[in-house]
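A.B. asks: Pasting in a structure now, in structure tokens, and then I'll have a few things to ask.
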Amino acid sequence: MINSPFVRKPASVQQVMLQVLLALVPGIAAYVWFFGAGILVQIALASAAALAGEAAMLAIRGKPKALFLGDLSAIVTAWLIALTFPPIVPWWLTVTATLLAIVVVKQLYGGLGQNPFNPAMAAFCLMIVAYPALMSQWPAAGQLDFSSQLQLIFGGARQVDAITGATPLDALRTALRAATNPDSQLHGLRASQLMDGPAYGMLGGKGGEWVALGFLLGGLWLLQRRIITWHIPGAFCLALAASAGLLWAIRPEGFASPVFHLASGGAMLGAFFILTDPVSGATTLRGKLLFAAGAGVLTFVIRAFGAYPDGVAFATLLMNLCVPLIDMNTQAPVFGHKKD
Amino acid sequence: MSQSTILGLSTRTAGAMMAFTAAFTALMAFTYEATHAQIAASANEEKMKLITEVLAANAYDNSLLDDYVQLGPTRELGLDHGGRVYRARKAGAPVGLLLEATAPDGYSGDIDLIVAILPDGTVNGVRVVSHRETPGLGDYIDPKKDKDKKSPWIGQFSGLNPATLPLDAWKVKKDGGQINSHAGATISPRAVTNAVARAARYAAANRDRLFGAATGASL
Amino acid sequence: MDLRAYRDIAWNGWWKQNPGVVQILGMCPTLAITTSIVNAVSLGLATVLVMAMSNLASSLLRNFIPYEIRIPVFILIIAALTTVVDLAMNAYLHSLYLVLGIFIPLIVTNCIVLARIEAFAAKNEPLASTLDGAAMGLGATMVLTVLGAMRELIGNGTLFSGIEMVIPGAHEIQVFGGDYPGFLTFILPPGAFFALGCLIAGRNWLEARRQARARSNPPAPQAPSAPEPTSAEPA
Amino acid sequence: MLTALLVMTAVALVLGALLGYASLKFKVEGDPLVEKIDAILPQTQCGQCGFPGCRPYATAIASGEADINQCPPGGEEGIRKLADLLGREFKSLSEEHGVEKPKSVAVIDENTCIGCTLCIQACPVDAIVGAAKQLHTVVAGECTGCELCVAPCPVDCIAMEPIVDTLDTWKWRYPVIQIKQAA
Amino acid sequence: MLRKLFKFHGGVKPQTNKTESTTQPIAQVPLPDRLVIPLHQAVGGHPRPLVAPGDKVFKGQRIGGADGSLSSAVHASTSGIVHDVVPALMPHTSGLTTLSVIIEPDGEDRWGELDKVNYRRTPPDELRDFLRDAGVVGLGGAVFPSYAKLKPGKEGRLKTLVINGAECEPFITCDDLLMRERAADMLKGIVAMRHMLQAEEVLIGIEDNKPEAVAAVQAAIAASGQSGIEAVAIPTRYPAGGAKQLIRVLTGIEVPHGRRSTDFGVQCFNVGTAYSIYEALELGRPLISRVVTVAGNVDRPRNYEVLIGTPMDHVVRQSGARPDSDRYIMGGPMMGVRLPAFGVPVVKATNCILVGSPALFPPPPPEMPCIRCGECAKACPADLAPFEMYWFSRSKNFGKAQEYHLFDCIECGCCSFVCPSHIPLVDYFRFSKSEIWARERDKEASDAARDRFEFKNFRQEREKQEKAEKLAAKAAATREKVAAEGQAGTTSAAAETPDVAAKPAAPSAEDTKRALIAAAMEKARQQKAQVAPKNTEQLSTETQADIAAIEARRAAAATPPTPDA
């Protein structure tokens, strides 16, 4: 029997997810423009795998398939996986990662709304730990045409040593480390000088900064549509920039600038699309600030001192873990119980 | 139950505790005595296993582990706290040096190596003793973790000689040398390569001094 | 103590109160050492040995141990027996000992050992206690073995790697062939958690199904005059 | 070797004495478990468990003399709570102790009552008022529905009537989860 | 001067649907054949019936007397004959019945004797009794007896009297029309209330989507010449008409859950209540009718002056219900009460009869899992975290739900309204609340039972002791008598006698109880035995066959298995 309220706002999970997907489009467009259409193949692969995995798990769990496949949440996960992975990883890696995200990280925890971890980021971490070499091969902008990308995705042998390298983030960190070694040719060079190579572009890696700008635009549109609030992206960017800026100010020869940190790697994607995932993120306003700020600081720490190239994924998972604690301790006072 | 005074109970528990402790400590002591010699033998055997990988066991006939020179801090070998050089001899003639060396610039810190160098300066073999490189990325410097079991990466050093090979070639290909490395993971091999090159040069420069020193002498 | 009681003890250790997936005890070695079957089984058997022996010893001595100092004495027994096993492995299986490292001495702190002494051996006769220790240890070993197998197979594509440390001359099996890219995460610590989580879930699922089946079948065999052994626990 | 033995023994001596001392010095009295069990029991005081009241049954459970599935008024939920508290496995209600029934109150048929006071003596919670040779009445709010008054009545004038919902006791139902039907 | 208004958190803006029913003035509903007047219509104790079947009643005659410290009287809405006093279906989701007086109108609609009162000269307590007996209750929907709220705070005066004309629920326009048409009389009621409360200022809050009502009230204020009364247009946002929300908007004060607003110097009444207070005090007429909006799936949405007790379908007929109507809702679409039948009577709480149809109020899409998007928290006017409360309500973890302030929830429906997963959040909260109340009742009952049980044991023990003492005294007396008679006897031997005497006289309480229990259980067993065969007599043949099969199986299980079994 239905009780009041008898009227409802025409809102649905599907609509929310659809708008998130739309917001990703500018970033994807920039991605394709600079790095080639290989990413579209990856997106298609991941989406297909996500739908298949979700459908299989829903069937096993006896849930209505049409309803849950239609909510598009699996597609969002799939897109995020494709966008955070290098665009030339072999197809089986994308598919395995997506299946792990959907089957293990999402459905085994109870499906939509129940997963404590962001599925896409969990998949990223699983994969970078399992296949660090494959997950560290990023082509520079315009380096590979579509057919060689396809060959890398679907082909067997990967003799790509000459044409792929690490991300600007990783390369810079390596260079910075080398610069501290008195034996190295780079000894004594400052970050700004180290970044003078063709791969670095203006801010955060050639092409990479434009992709980041695309995601930023999409994120701002989500803000305007009130799908997300400013708290998480704002606190994340601020914390990342502040922690990067602090060490940069103290030792500019040892650390990259805050602008570089914001514009490279998964910072923008993380700020607007990953950390804002409501299921695995904090929900209270103060909690959101704390959650995102923690993720920002951790991202910087992992980027600067960790063993893996980017820190957004690990930072997200670590903060996901803290969410129950954060939420529990940041409940706002309710009506009439406020202290003025 | 009559002696449930505090003093009585304490005496009783203390006595029991003492008896049990004596008995079980004795058991442990006995086992220790019984296994003592075997443990020392096994430990030596383990150490020799790695050495055998870089220098064949039949190449020398001296007691290798007892014939060593103690080095102080040595920049050339990356040894900040010193290390040992073992000397292999056959019928008293020098057949090889086993140098402990450290590559300080690995992706995640020090990489400890053992390098076998023949008297003519040729590198006979290199093994990684310990490292903390990223699993799956840089850890193929250790042949146990190398996917390519037939010709592990570290085998490339066998047979190189600083006397015949120009120093420029003792580098990974990315730096313009001739040593191969895996895509996306060049830091660890670069560190090892550089360390081996330094060790080879050091050995060539100090060969006579190292072979000539008395056993156990500190240099 | 009849045969049925012994069977119950064994069943208890293997399934009902399994230390690894039901009591979730002794997680430190369970998670750390299960990177291969050989490691897992070796540590498991060492645990079985310690548990059986310490249960036997505690049961034999149970009437002489004052209640107030029972815990220190139990720990003493465990520590002594663990040291014996530790020294023996160091002497005769040295390379395996190097791999298992600190986890052999850490058997002392594996709470399942003390738990079984306190919960069982301190109250039961020696034979049953030994069986209980062995069954619990084997229960733990089973979990270790399955975990080790899962992690080794998925992570590396092999089984029985490192077997030559125990049986000289034996070789590991390449299950998926040499081309298998491996799934390193499973060998690394996170994989241990995933695998254990899956095991616990699997066991709970089996148990839930078993109970559901028991509920849907009327409990007819409970009638004392019905001697059919159909109520035996499914293996 | 001998030193190790001596040191260990000496340590054992001291620790053993200390433990013996501590065990007497810090002895804890009392049994809060009974209170916890009693709080779960429904306090009908009906005795269907075979013990004269809820507290004796709680004491019996705590000392291991009684099982947790002997309380019909507590029902399955009560057994589940007890199982949780005591870390035991859930068992279904023991049939020999009765079955779970809807809550009811005793009602005295005032036309038949002869005022014998037998039910008043039987009532464990003094919920029946009246005096000898006078009509008795059950105070509905205080009746626990234990049925102990039914048997002693010589004229069989006490009936158990199930409690009906009123606006004060009516409950909203658990919302039906519609996902499955939507398939 | 523009008054500074405050904001409350959250709220939603559902489609208002108010214009259709405001085009026509308030109309009268013809007398129905029968009026069903529930005695319990207001918060508080159940009024006791004052009439019996067959009694003749006048319009306005008291038929239910207030009972208890918080209760309100009920009156006959028209003159006629009391047909019966029986439990009848109430306008409540539960579908439960309540004791109701059924009146057959005689068509004369004749008032009984009406006593007016001059509120300026009557002591406050008497005035409150008068209002209680006039049956004046809050007409905003909460039906709280008004007399109980018409008490100034501790200082004997009140800062602000808030009059609620916000009427934020969609469809409902009864207060709007009342203000448009009867602003002057309503104002008289307000003035009376202000007098009783000694209120410094009066603020009449009206949502700004009712400009006519604002204008009418402002005109009435101007005409009356009263100072310190102000009609304030407030932003239209549901639930601005919630008492706490309105107080917040007008005064900035937040009244916490469980606290009285008088403690904060504010009190809030509905405009309809103000009007009925005017009728009661100035005209002497008790509350026997109210303005009711009929809207929704009807041809002519309109407001009616409806006698309390009129069957709802009778009222709806005036507006022409469309054929696909499938339910009535009492109140608006956000908080309205789903009714169990069409024929339930209009009561004092009925501000609107909303006629529903599957097309107008379609069933919600299937409930999806919560994605913790926080929309509900954004919409919640009580600053709650509904998704957390939902989580714990769903898993029946009521303690945790309460920690998240479940009882501060006003069930306004905003959270369910905005939820993109279409979760009936409010239903979960209602469920949790009633479950918690039930548990508290059970706990109280079992605590009381425990105390009484322990007291009984203590009493029995004491009685036993007293008995023993009495016996001892008697024995001592006997002994003295014996001693006085000169018989020789040792004291020690004599001292033992009372014990011996007492023992058989007082069997232990435990034993008797055990015997009783045994007897009771034996009896229960016998009853069961008697009942069991009774059941089998009316069984269908299939069932009997089933039973036979089960018996056979049981018999087979009881004998050792044969090879062919």
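Protein chains in written order, with our numbering: chain A, 4 to 343; chain B, 147 to 365; chain C, 537 to 771; chain D, -18 to 164; chain E, 9 to 573.
From the three backbone atoms N, C-alpha and C, an ideal C-beta is built for every residue, glycine too.
Values in this document were obtained by computation on a predicted structure and should not be read as measured data.
Just the C-alpha distance for lysine 317 of chain B and isoleucine 648 of chain C, rounded to the nearest angstrom, thanks.
C.D. replies: Stepping through the second sequence from its first residue, residue 317 of chain B is reached at position 171. Stepping through the third sequence from its first residue, residue 648 of chain C is reached at position 112. Lysine 317 of chain B and isoleucine 648 of chain C: Cα-Cα distance of roughly 53 Å.
A.B. asks: Under the three-state reduction of DSSP, which class applies to aspartate 622 of chain C: helix, strand or coil?
C.D. replies: Translated into positions along the third sequence, residue 622 of chain C becomes position 86. Correct three-state label for aspartate 622 of chain C: helix.
A.B. asks: Using DSSP bridges, identify the partner residues of asparagine 311 of chain E.
C.D. replies: Position 303 of the fifth sequence, counted from the start, is the residue given in the question as residue 311 of chain E. Note: asparagine 311 of chain E sits in a beta bridge opposite E:Thr301.
A.B. asks: Classify tryptophan 151 of chain D as helix, strand or coil using the three-state DSSP reduction.
C.D. replies: Taking the first residue of the fourth sequence as position 1, residue 151 of chain D is located at position 170. Reduced to three states, the DSSP call for tryptophan 151 of chain D is coil.
A.B. asks: Straight-line CA distance for histidine 78 of chain D to valine 299 of chain E?
C.D. replies: Counted from its first residue, the fourth sequence places residue 78 of chain D at position 97. Counted from its first residue, the fifth sequence places residue 299 of chain E at position 291. Spanning the two alpha carbons is a distance of roughly 59 Å.
A.B. asks: Of all the options E:Ala457, E:Val257, E:Val59 and E:Asp216, which has the alpha carbon lying nearest to the alpha carbon of valine 90 of chain E?
C.D. replies: Counting from 1 along the fifth sequence, the entry for residue 90 of chain E is found at position 82. Among E:Ala457, E:Val257, E:Val59 and E:Asp216, the Cα nearest to that of valine 90 of chain E belongs to E:Val59.
A.B. asks: Taking the alpha-carbon of arginine 233 of chain B as reference, which of B:Leu365, B:Gly362, B:Ala363 and B:Phe357 has the nearest alpha-carbon?
C.D. replies: The residue labelled residue 233 of chain B in the question sits at position 87 within the second sequence. The shortest Cα separation from arginine 233 of chain B among B:Leu365, B:Gly362, B:Ala363 and B:Phe357 belongs to B:Phe357.
A.B. asks: Grab me the residues of serine 150 of chain A's own chain with a C-beta within less than 7 Å of its C-beta, minus the 5 sequence neighbours each way, in chain order.
C.D. replies: In the first sequence, residue 150 of chain A corresponds to position 147, counting from 1. Result list for serine 150 of chain A: empty, nothing under 7 Å.
A.B. asks: Please list the residues of the stretch 707 to 734 of chain C that have a C-beta atom closer than 8 Å to any C-beta atom in chain A, keeping them in chain order.
C.D. replies: The stretch 707 to 734 of chain C vs chain A, Cβ under 8 Å: Pro717, Gly718, Phe719, Leu720, Thr721, Phe722, Leu724, Pro726 and Phe730.
A.B. asks: Using the three-state DSSP reduction, which class does proline 133 of chain D fall into: helix, strand or coil?
C.D. replies: Taking the first residue of the fourth sequence as 1, we reach residue 133 of chain D at position 152. Residue state, collapsed to three classes: coil.
A.B. asks: What is the DSSP secondary structure of tyrosine 112 of chain A, reduced to helix, strand or coil?
C.D. replies: In the first sequence, counting from the first residue as 1, residue 112 of chain A sits at position 109. In the structure shown, tyrosine 112 of chain A sits in coil (DSSP, three-state: anything other than H, G, I, E or B).
A.B. asks: When the Cβ atoms of the stretch 67 to 75 of chain A are set against those of the stretch 49 to 59 of chain A, are three or more pairs found closer than 8 Å?
C.D. replies: Contact holds: three or more Cβ-Cβ distances are below 8 Å.
A.B. asks: Does glycine 556 of chain C get closer than 8 Å to chain A when you measure Cβ to Cβ?
C.D. replies: By one-based count along the third sequence, residue 556 of chain C stands at place 20. Judged by the 8 Å Cβ criterion, glycine 556 of chain C is not in contact with chain A.
A.B. asks: Indicate the three-state DSSP secondary structure (helix, strand or coil) for lysine 64 of chain E in the structure shown.
C.D. replies: Start at 1 with the first residue of the fifth sequence, and residue 64 of chain E comes out as number 56. Three-state result, lysine 64 of chain E: strand.
A.B. asks: With a cut-off of 8 Å on the beta carbons, I'd call alanine 316 of chain A and threonine 101 of chain A a contact; round off their distance for me.
C.D. replies: The sequence position of residue 316 of chain A within the first sequence is 313, counting from 1. The sequence position of residue 101 of chain A within the first sequence is 98, counting from 1. Actually they do not touch by this definition, with Cβ atoms about 15 Å apart.
A.B. asks: What are the boundary residues of the alpha helix (DSSP H) that includes cysteine 276 of chain E?
C.D. replies: Start at 1 with the first residue of the fifth sequence, and residue 276 of chain E comes out as number 268. Counting along the chain, cysteine 276 of chain E falls outside any alpha helix (DSSP H), though it belongs to the beta strand (DSSP E) covering 274 to 278.
A.B. asks: Could you check the C-alpha separation between alanine 510 of chain E and alanine 491 of chain E for me, to the nearest Å?
C.D. replies: Counted from its first residue, the fifth sequence places residue 510 of chain E at position 502. Counted from its first residue, the fifth sequence places residue 491 of chain E at position 483. Its pLDDT being 43, under 50, alanine 510 of chain E is placed unreliably in this model, and the coordinates cannot settle the point.
A.B. asks: Helix, strand or coil for histidine 83 of chain E, going by three-state DSSP, please let me know.
C.D. replies: Looking up residue 83 of chain E in the fifth sequence gives position 75. Here histidine 83 of chain E sits in strand by DSSP.
A.B. asks: Using beta-carbon positions only, say whether arginine 188 of chain E and glutamate 220 of chain E come within less than 8 Å of one another.
C.D. replies: Taking the first residue of the fifth sequence as position 1, residue 188 of chain E is located at position 180. Taking the first residue of the fifth sequence as position 1, residue 220 of chain E is located at position 212. Yes; because the gap between Cβ atoms is below 8 Å, this pair is in contact.
A.B. asks: Interface residues of chain B around threonine 570 of chain C at Cβ under 9 Å?
C.D. replies: If you number the third sequence from 1, residue 570 of chain C lands on position 34. Residues of chain B passing the Cβ test: none, with the nearest at roughly 16 Å.
A.B. asks: Given a limit of 7 Å on CB to CB distance, which residues of the stretch -5 to 16 of chain D reach chain C?
C.D. replies: Going along the stretch -5 to 16 of chain D in chain order, one finds Leu(-4), Gly(-3), Leu0, Gly1 and Ser4 with a Cβ nearer than 7 Å to chain C.
A.B. asks: Identify whether asparagine 204 of chain B lies in helix, strand or coil by the three-state DSSP scheme.
C.D. replies: As a first step, residue 204 of chain B is located in the second sequence; it is residue number 58 there, counting from the start. It is helical.
A.B. asks: From the DSSP output, in three-state form, read off leucine 172 of chain A for me.
C.D. replies: By 1-based counting over the first sequence, the position of residue 172 of chain A is 169. Three-state DSSP puts leucine 172 of chain A in a helix.
A.B. asks: With a cut-off of 8 Å, does the C-beta of valine 132 of chain A fall near any C-beta of chain C?
C.D. replies: Reading the first sequence from its first residue, position 129 is the one you call residue 132 of chain A. Yes, contact with chain C.
A.B. asks: Taking Cβ-Cβ distances below 7 Å as the criterion, which residues of the stretch 269 to 283 of chain B are in contact with chain A?
C.D. replies: So the close ones are Thr280, Gly282 and Leu283.
A.B. asks: Run the CB neighbour count on valine 194 of chain B, radius 10 Å, all protein chains shown included, and call it buried at 16 or more, exposed below.
C.D. replies: Residue numbering aside, residue 194 of chain B sits at position 48 when the second sequence is read from its first letter. According to the sequence shown, residue 194 of chain B is methionine rather than valine. Counting Cβ neighbours within 10 Å, methionine 194 of chain B comes out exposed, since fewer than 16 surround it.
A.B. asks: With 8 Å as the threshold, decide whether the Cβ of proline 662 of chain C is near any Cβ in chain D.
C.D. replies: For the purposes of this step, residue 662 of chain C is taken as residue 126 along the third sequence, with counting starting at 1. Chain D, which has no Cβ nearer than 8 Å to the Cβ of proline 662 of chain C, makes this no.
A.B. asks: Would DSSP call tyrosine 8 of chain E helix, strand or coil?
C.D. replies: Because chain E spans 9 through 573 in this model, residue 8 of chain E falls outside it and cannot be assessed.
A.B. asks: Which class does serine 50 of chain A belong to by DSSP, given the choice of helix, strand or coil?
C.D. replies: One-based indexing of the first sequence puts residue 50 of chain A at position 47. If DSSP states are grouped into helix, strand and coil, serine 50 of chain A belongs with the helices.
A.B. asks: By DSSP's criteria, histidine 328 of chain B is part of a beta bridge. Which residues make up the other side?
C.D. replies: Position 182 of the second sequence, counted from the start, is the residue given in the question as residue 328 of chain B. DSSP lists B:Ala331 as partners of histidine 328 of chain B.
A.B. asks: Under 8 Å between C-beta atoms, does glycine 103 of chain E make it to chain A?
C.D. replies: Taking the fifth sequence and counting its residues from 1, the one referred to as residue 103 of chain E is at position 95. It does not; no Cβ of chain A falls within 8 Å.
A.B. asks: List the residues of chain C that leucine 129 of chain A touches, going by C-beta distances under 8 Å, in chain order.
C.D. replies: The residue given as residue 129 of chain A occupies position 126 in the first sequence. Within chain C, the residues near leucine 129 of chain A are Thr721 and Pro726.
A.B. asks: By Cβ distance below 6 Å, which residues in the same chain neighbour threonine 279 of chain A in space, the five residues on each side in sequence not counted?
C.D. replies: As a first step, residue 279 of chain A must be located in the first sequence, where it is residue number 276. Here the set comprises Ile231 and Ile235.
A.B. asks: How far does the beta strand (DSSP E) with methionine 338 of chain E in it extend, from its first residue to its last?
C.D. replies: Indexing the fifth sequence from 1 puts residue 338 of chain E at position 330. Note, methionine 338 of chain E: beta strand (DSSP E), 335 to 338.
A.B. asks: Would you report the Cα separation of lysine 296 of chain B and proline 725 of chain C, rounded to the nearest angstrom?
C.D. replies: As a working note, residue 296 of chain B is residue 150 in the second sequence. As a working note, residue 725 of chain C is residue 189 in the third sequence. Their Cα atoms are separated by approximately 28 Å.
A.B. asks: I want to see whether chain D comes within less than 8 Å of proline 608 of chain C, judged by CB atoms only; does it?
C.D. replies: Here residue 608 of chain C corresponds to residue number 72 of the third sequence, with the count starting at 1. Cβ-Cβ to chain D under 8 Å: yes for proline 608 of chain C.
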